[in-house]
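Taken in sequence, the protein lines are chains A and B. So the first sequence is numbered by my numbering: it starts at 1 and just counts up by one. So the second sequence is numbered by my numbering: it starts at 208 and just counts up by one. Don't be surprised by glycine CBs; every beta carbon is placed ideally from N, CA and C. Being a predicted model, the structure only gives us computed values, none of them experimental.
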Amino acid sequence: MSHADQMLQAHPPGMTTGIPPFSIPAKKMAIWLFIIADAATFAACLVAYGFLRNGSPNWPRPFHSITNVAAMTFILLTSSLTMLFGVRAAKAGDRSGAFRWTMITAVGGVIFALLHIREWLELIGEGMSLFHNPWGNPLFGASFFSITGLHLLHVTGGVIALLAVGIRYRGGRYQADDLEVTGLYWHFVDLVWMFVVPFVYLLNLAQ
Amino acid sequence: MIKAPDVQGNESAARYTDSLRKYIVIYLCLLILAALQFVIAYSNVDTTGKFARMLFVAIAEAGLALLFFMHLWAERRAFMLFVVIFTGFVLIAMQYSWTDSNRMDVGAPYSQPKSGTVPQ
Chain A
1 MSHADQMLQA HPPGMTTGIP PFSIPAKKMA IWLFIIADAA TFAACLVAYG FLRNGSPNWP
61 RPFHSITNVA AMTFILLTSS LTMLFGVRAA KAGDRSGAFR WTMITAVGGV IFALLHIREW
121 LELIGEGMSL FHNPWGNPLF GASFFSITGL HLLHVTGGVI ALLAVGIRYR GGRYQADDLE
181 VTGLYWHFVD LVWMFVVPFV YLLNLAQ
Chain B
208 MIKAPDVQGN ESAARYTDSL RKYIVIYLCL LILAALQFVI AYSNVDTTGK FARMLFVAIA
268 EAGLALLFFM HLWAERRAFM LFVVIFTGFV LIAMQYSWTD SNRMDVGAPY SQPKSGTVPQ
């Protein structure tokens with residue numbers, strides 16, 4: 001039995017008790033609902049990508065090296081761990097520690113974004129654009145840029161959120177729960193990357 | 208003026224009091240699983256086999272991240288079931304288009320109604 005179950009046995013939820021559904025605070029419930037909706041968005045993009053890839057006999061396999069994507073994966077996973085440390089410190093009341101870990105997480109996000117942009121520029125330099133590439137099906141560029149671009153947009157938004165929430169948390173304007181909600185979003189960005197890497201990169205390695 | 212219900216006082220079930228060691232072990236598991244995907248990419252298996260293996264590993268990674276990094280395991284069981292079942296249903300419902308994708312792969316034309324069965 002989880003801690004929440006024990007808590008709810010003592011205080012059953014309901015409209016009259018003031019306890020929110022599932023014993024989840026409103027902000028946290030909101031970010032979870034956003035995560036569910038965003039998961040559907042990414043899944044739709046990946047399914048559409050898979051539809052095209054499966055139906056195209058000349059799907060390009062342009063990736064020669066995995067060094068860049070491996071580094072990006074390592075950085076994003078590590079930033080998830082530092083985010084956890086930050087939220088843990090915040091829950092323990094350690095404002096300076098939580099701020100420090102949050103800023104380290106944001107730096108990880110910036111490095112990830114820079115590596116991502118560098119990779120994009122290399123591919124563009126090789127002649128790839130939204131609707132053209134020198135290797136095969138022209139839709140590869142559109143699907144690649146839209147999926148990785150959507151993810152990069154999430155990382156960029158996450159970095160901005162980490163900076164804003166981290167600074168305001170240190171100043172006492174935000175609480176540990178706010179940092180936790182931002183952390184949930186950051187972990188979700190990491191989670192999505194776990195699916196983008198194999199399907200968009202690793203299945204398209206040059207033979 | 209109608210006031211919104213005060214839910215600020217309710218604490219979240221996930222308290223983030225797990226040991227750092229636990230978090231680091233989960234992190235190392237995630238790193239190993241991520242590395243496994245790269246190994247699969249270079250294995251001598253056809254694309255379908257690679258896809259299936261990578262999907263399995265990715266789901267395992269996502270499960271670990273959801274349960275322990277996002278602390279879904281520490282939330283109320285009903286909430287965990289809500290997230291997993293609701294999201295799972297939506298993701299599974301998206302898979303209806305694969306037959307058409309396979310049709311494209313073999314170059315088959317769109318299916319046509321037999322003459323006389325559909326009123327013109």
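Original post:
Counting pairs of beta carbons, one from the stretch 153-162 of chain A and one from the stretch 182-199 of chain A, are three or more of them closer than 8 Å?
Top reply: Using a C-beta cut-off of 8 Å, the stretch 153-162 of chain A makes contact with the stretch 182-199 of chain A, since at least three inter-stretch Cβ pairs fall below that distance.
Original post:
Is it true that the CB of B:Ala241 sits closer than 9 Å to the CB of A:Val197?
Top reply: yes
Subject >> chain B within 9 Å of A:Phe188, Cβ atoms only >> reply: yes
**OP:** Count the other CB atoms, across all protein chains shown, that sit within 10 Å of the CB of A:Ile35; report buried if there are 16 or more and exposed otherwise.
**Re:** buried
Original post:
Is DSSP giving A:Phe145 helix, strand or coil here?
Top reply: helix
Original post:
Mind checking whether B:Phe333 and A:His187 have CB atoms under 9 Å apart?
Top reply: Here chain B covers residues 208 to 327 and nothing more, so residue 333 of chain B does not appear.
Original post:
Taking contact to mean at least 3 C-beta pairs separated by less than 8 Å, is the stretch 58-78 of chain A in contact with the stretch 123-133 of chain A?
Top reply: Because the criterion of three Cβ pairs below 8 Å is met, the stretch 58-78 of chain A and the stretch 123-133 of chain A touch.
**OP:** Give the straight-line distance between the Cα atoms of A:Asp177 and B:Gly270, rounded to the nearest whole angstrom.
**Re:** 23 Å
**OP:** Name, going along the chain, the residues of the stretch 60-83 of chain A whose beta-carbon falls closer than 9 Å to a beta-carbon of chain B.
**Re:** Ile66, Val69, Ala70, Thr73, Phe74, Leu77, Thr78, Ser80, Leu81 and Met83
Original post:
Between the C-alpha atoms of B:Gln302 and A:Leu46, what's the straight-line distance to the nearest angstrom?
Top reply: 11 Å
Subject >> Which listed residue (B:Arg260, B:Cys236 and B:Ala248) has its alpha carbon closest to that of A:Gln207 >> reply: The option with the nearest alpha carbon to A:Gln207 is B:Ala248.
Original post:
Among the residues of its own chain, which have a CB less than 7 Å from the CB of A:Asn104, if the five just before and after it don't count?
Top reply: For clarity, residue 104 of chain A is Ile in the given sequence; the question names Asn instead. Thr82.
Subject >> Residues that A:His132 bridges to, as DSSP identifies them >> reply: A:Ser129
**OP:** Could you tell me which uninterrupted alpha helix (DSSP H) segments, each at least 4 residues in length, are contained entirely in the stretch 214-297 of chain B, listed from first to last along the chain?
**Re:** Within the stretch 214-297 of chain B, the complete alpha helix (DSSP H) segments at least 4 residues long are 227-248 and 254-271, listed from N- to C-terminus.
**OP:** Output, in sequence order along the chain, the residues in the stretch 291-304 of chain B whose CB is closer than 9 Å to any CB in chain A.
**Re:** Phe293, Thr294, Val297, Leu298, Met301, Gln302 and Ser304
**OP:** Find the residues of chain B that neighbour A:Gly55, judging by a C-beta separation of less than 7 Å, and give them in chain order.
**Re:** Ser308, Met311 and Asp312
**OP:** Answer with buried or exposed for A:Leu77, where buried requires no fewer than 16 other C-beta atoms within 10 angstroms of its C-beta.
**Re:** buried
Subject >> Which residues DSSP lists as bridging A:Phe63, in chain order >> reply: A:Leu205
**OP:** Have a look at A:Asn204, A:Trp193, A:Gly171 and A:Gly149 and flag the residue whose alpha-carbon is nearest the alpha-carbon of B:Ile266.
**Re:** It is A:Trp193 whose Cα lies nearest to the Cα of B:Ile266.
Original post:
Beta-carbon of A:Ala113 versus every beta-carbon of chain B: anything under 9 Å?
Top reply: no
**OP:** Determine the closest residue to A:Asn137 out of A:Pro25, A:Pro20 and A:Asn58, with distance taken between C-alpha atoms.
**Re:** A:Asn58
**OP:** Using a Cβ cut-off of 9 Å, pull out every chain B residue sitting near A:Val197, in sequence order please.
**Re:** Ala241, Gln244, Phe245, Met261 and Ala265
Original post:
In three-state terms, what does DSSP make of A:Gly93?
Top reply: coil
Subject >> C-alpha gap between A:Ile75 and A:Ala106, whole angstroms >> reply: 11 Å
**OP:** Leaving aside the five residues before and after A:Val110 along the sequence, list all residues of the same chain whose C-beta is less than 8 Å from its C-beta, in chain order.
**Re:** Contacts found: Val159.
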